[in-house]
Amino acid sequence: MRVWHAMWPERINRKIALLEQRQTEEEPGRRNRPRPPGWIVELGIGTGRPPVQLHSGCHMAGTRRRAVGRDEARRLLVAGLRACSH
56 MRVWHAMWPE RINRKIALLE QRQTEEEPGR RNRPRPPGWI VELGIGTGRP
106 PVQLHSGCHM AGTRRRAVGR DEARRLLVAG LRACSH
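Position one of the sequence shown corresponds to residue 56 (my numbering), numbered consecutively onward.
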């Protein structure tokens, strides 16, 4: 029983070291992560995948989408693209 209990601190220390190493490796990726786009165009289905709706930091955008800049978002709204109501 003593041997079994003596093994646990070593296992715990190895696991802690592994998690700390993983965290140090992932930290630069978290810091350098690109900012989420301000405007998202939801794309339709079919030829040319026409834009369907414009979202601004919205969680309701579907999976068919692409990020656009502020100027293109304005242009699309002026052209009659529907804005998300959320």
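Cβ coordinates follow ideal geometry from the N, Cα and C atoms, glycine included.
- Query: If you scan the segment 106 to 136 from start to end, which runs of the beta strand (DSSP E) of 3 or more residues do you find wholly inside it?
  - Reply: DSSP runs (the beta strand (DSSP E)) wholly in the segment 106 to 136: 106 to 110, 120 to 123.
- Assign isoleucine 95 to one of three DSSP states: helix, strand, or coil. Numbered from its first residue, the sequence shown carries residue 95 at position 40. Per DSSP, reduced to three states, the secondary structure at isoleucine 95 is strand.
- Within the same chain, show all residues whose beta-carbon is closer than 7 Å to that of valine 96, passing over the 5 residues directly before and after it, in chain order. By one-based count along the sequence shown, residue 96 stands at place 41. Answer for valine 96: Pro106, Leu109, Arg120, Arg121, Val123, Leu131, listed in chain order.
- Task: Confirm, please, whether the CB-CB distance from tryptophan 94 to arginine 137 is below 8 Å.
- Result: As a position in the sequence shown, residue 137 is number 82, starting the count at 1. As a position in the sequence shown, residue 94 is number 39, starting the count at 1. It is not a contact, given that the beta carbons lie outside the stated cut-off.
- Message: In whole angstroms, give me the CA-to-CA distance for threonine 102 and glycine 112.
- Response: Sequence index remark: in the sequence shown, residue 102 carries index 47 (1-based). Sequence index remark: in the sequence shown, residue 112 carries index 57 (1-based). Spanning the two alpha carbons is a distance of roughly 27 Å.
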